[in-house]
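Enquirer: Following this message is one structure expressed as structure tokens.
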Amino acid sequence: MPFPIERPRRLRATPALRSLVREQRLHPGQLVLPMFVKEGLDSPREVTSLPGVVQHSRASLVDAAHEAVEAGVGGLMLFGVPAERDARGSGADDPEGILNLGLRDLADAVGDECVVMADLCLDEFTDHGHCGVLVEDGPRAGTVDNDATLARYTSTALAQAAAGATVLGLSGMMDGQVGVVRAALDEAGRDDVVLLAYAAKYASAFYGPFREAVESTLVGDRRAYQQDPANRREALREVRLDVEEGADVVMVKPALPYLDVLSDVAQAVDVPVWAYQVSGELAMVEAAAARGWLDRERTILETLASVQRAGADAVLTYWAVEAARWLRRG
Ligand code: PBG
Numbered sequence: 004m005p006f007p008i009e010r011p012r013r014l015r016a017t018p019a020l021r022s023l024v025r026e027q028r029l030h031p032g033q034l035v036l037p038m039f040v041k042e043g044l045d046s047p048r049e050v051t052s053l054p055g056v057v058q059h060s061r062a063s064l065v066d067a068a069h070e071a072v073e074a075g076v077g078g079l080m081l082f083g084v085p086a087e088r089d090a091r092g093s094g095a096d097d098p099e100g101i102l103n104l105g106l107r108d109l110a111d112a113v114g115d116e117c118v119v120m121a122d123l124c125l126d127e128f129t130d131h132g133h134c135g136v137l138v139e140d141g142p143r144a145g146t147v148d149n150d151a152t153l154a155r156y157t158s159t160a161l162a163q164a165a166a167g168a169t170v171l172g173l174s175g176m177m178d179g180q181v182g183v184v185r186a187a188l189d190e191a192g193r194d195d196v197v198l199l200a201y202a203a204k205y206a207s208a209f210y211g212p213f214r215e216a217v218e219s220t221l222v223g224d225r226r227a228y229q230q231d232p233a234n235r236r237e238a239l240r241e242v243r244l245d246v247e248e249g250a251d252v253v254m255v256k257p258a259l260p261y262l263d264v265l266s267d268v269a270q271a272v273d274v275p276v277w278a279y280q281v282s283g284e285l286a287m288v289e290a291a292a293a294r295g296w297l298d299r300e301r302t303i304l305e306t307l308a309s310v311q312r313a314g315a316d317a318v319l320t321y322w323a324v325e326a327a328r329w330l331r332r333g
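Written out as structure tokens, the structure reads:
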């Protein structure tokens with residue numbers, strides 16, 4: 004019964020009708036705020052390429068965490084910016100390393116009210132900026148040593164769990180990382196710690212501003228371990244392996260430029276699927292909004308709706324606190 008019988012516009016006529024037929028609604032509790040804590044800071048410092056995002060001092064981190072909880076945000080994902088870096092990323096598994104100190108602060112302050120998560124990677128802690136340790140000699144010298152890196156990740160996982168993280172975000176894209184970290188945690192009696200696998204993580208130009216936020220020392224790129232942006236099917240392989248290895252949650256990253264991947268993954272698995280709206284996605288919207296080219300609030304909410312529509316059960320976003328307030332206001 005086509006037109007004139009069928010008239011889809013009928014259901015769009017009033018705000019009340021539109022509200023009633025809305026297919027999905029984002030809840031503040033489905034938003035996770037990524038945060039940065041920097042060693043040695045006395046007060047928060049702005050990140051130029053990420054308007055509204057700061058590197059926190061330990062004190063301002065806790066204040067901002069309370070604010071996020073107040074807004075109803077469901078989780079916090081913490082990244083650490085150490086004062087010193089070395090070849091093996093020693094700061095990552097040092098109980099006194101800045102990320103582990105920050106995790107302890109967050110767990111103490113808001114651990115009962117939201118989910119405290121740790122980025123589990125070496126890139127902020129290595130002097131070369133790669134996500135793992137490098138092969139020293141031979142034909143593969145200078146490349147990231149997958150299996151040697153796994154040992155660094157297991158040690159870091161134990162330190163982060165001890166510091167109070169409930170969820171560990173495995174973002175390094177090393178083969179086998181989920182399985183070895185799961186085994187090491189279980190062996191240590193920490194079968195309670197949740198593993199969030201950055202299962203489909205692409206070698207993306209959209210990470211640009213993040214590199215400023217963590218003062219990345221990387222020269223070159225991560226194409227030898229993160230996925231090629233041209234590949235769709237490969238994401239399902241990465242996700243399958245991570246689920247088989249014990250991932251409790253899988254994530255797709257970036258979000259908006261990879262909605263097809265997100266949709267595929269959401270249909271393929273029976274674990275929660277999250278998406279990471281990365282730094283460049285924020286930068287793009289903020290830059291256009293600052294010029295008056297986009298309506299900032301509407302655009303942000305539309306990006307979040309798109310990511311949810313494609314299949315994300317939760318979204319990591321630097322706009323989490325602001326968006327949570329808007330969502331509550333309705
Ligand atoms: C690496 C990591 C990166 C991001 C999160 N974790 C950078 C990278 O892979 O180069 C990027 C997040 C963002 O751009 O917001 N541990």
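Our numbering applies: residue 4 is where the sequence shown begins, and numbers increase by one. Note that the Cβ used here is the ideal one computed from N, Cα and C, for glycine as well. Since the model is a prediction, treat every value here as computed from it, not as a measurement.
Let's see if you can read the secondary structure: which residues bound the alpha helix (DSSP H) around VAL246?
Expert: Per DSSP, VAL246 belongs to the alpha helix (DSSP H) from 236-247.
Enquirer: Could you pull the DSSP bridge partners for GLU49 from this structure?
Expert: DSSP lists VAL57 as the bridge partner or partners of GLU49.
Enquirer: In chain order, what residues of the same chain lie with their CB nearer than 6 Å to the CB of ARG328, ignoring the 5 residues before and after it?
Expert: Closer than 6 Å at the Cβ level, and outside the excluded window around ARG328, lie ALA74.
Enquirer: Could you please give me the residues that DSSP links to LEU349 through a beta bridge?
Expert: The requested residue 349 is not part of the displayed model; the chain covers only 4 to 333.
Enquirer: For the candidate residues VAL288, ARG301, ALA200, THR129, whose alpha-carbon lies nearest to that of PHE268?
Expert: A small fix is needed here, since residue 268 is Val in this sequence, not Phe. Checking every option, the nearest Cα to that of VAL268 belongs to ALA200.
Enquirer: Is there at least one non-hydrogen atom of ligand 1 closer than 7 Å to the beta-carbon of ARG91?
Expert: no
Enquirer: Tell me ASP89's beta-bridge partners as DSSP assigns them.
Expert: DSSP output for ASP89 lists THR129 as bridge partner(s).
Enquirer: If the criterion is Cβ atoms closer than 8 Å, does the pair PRO334 and ALA165 meet it?
Expert: Only positions 4 to 333 of the chain appear in this structure, which leaves residue 334 out of reach.
Enquirer: Is DSSP giving GLN230 helix, strand or coil here?
Expert: Taken through DSSP and simplified to helix, strand or coil, GLN230 comes out as strand.
Enquirer: Answer yes or no: do VAL310 and LEU244 have a C-beta to C-beta separation smaller than 8 Å?
Expert: no
Enquirer: Counting only the same chain and skipping the five closest in sequence on each side, list residues whose C-beta sits under 8 Å from that of TYR321.
Expert: LEU36, PRO37, LEU53, GLY55, VAL56, GLN280, SER282, LEU285
Enquirer: Whether or not the region 246-255 and the region 270-277 are in contact is what I'm after, with contact meaning three or more pairs of Cβ atoms, one per stretch, closer than 8 Å; do they touch?
Expert: yes
Enquirer: Could you check whether the Cβ of ASP122 sits closer than 7 Å to any heavy atom belonging to ligand 1?
Expert: yes
Enquirer: Quick one: Cα of LEU307 to Cα of VAL318, how far?
Expert: The straight-line gap from Cα to Cα measures roughly 8 Å.
Enquirer: Whole-angstrom Cβ separation of VAL184 and ALA160, contact assumed at under 8 Å?
Expert: 5 Å
Enquirer: Note down the Cα distance separating ASP45 from THR17, rounded to an integer number of angstroms.
Expert: 51 Å
Enquirer: Could you give the residue range of the alpha helix (DSSP H) that holds PHE213?
Expert: 211-216
Enquirer: What did DSSP end up calling TYR321 once you bin it into helix, strand or coil?
Expert: coil
Enquirer: Could you check whether the region 144-164 touches the region 174-183, counting it as contact only if at least three pairs of C-beta atoms, one from each stretch, sit closer than 8 Å?
Expert: yes
Enquirer: I'd like to know if the region 124-133 and the region 212-220 are in contact, where contact means that at least 3 CB-CB pairs between them fall below 8 Å.
Expert: Put simply, the region 124-133 touches the region 212-220. At least three CB pairs are less than 8 Å apart.
Enquirer: Count the other C-beta atoms from every protein chain shown that fall within 10 angstroms of the C-beta of THR51, then say buried if there are 16 or more, exposed otherwise.
Expert: So THR51 ends up on the exposed side.
Enquirer: Can you check whether the CB of ILE303 is closer than 8 Å to the CB of ALA323?
Expert: no
Enquirer: Using 8 Å as the threshold, is the region 93-107 in touch with the region 128-139, meaning 3 or more CB pairs across them?
Expert: Enough Cβ pairs lie closer than 8 Å, so yes.
Enquirer: How would you write the range of the beta strand (DSSP E) that MET254 sits in, first residue to last?
Expert: 252-256
Enquirer: Whole angstroms is fine: what's the gap from GLU300's alpha carbon to GLY192's?
Expert: 45 Å
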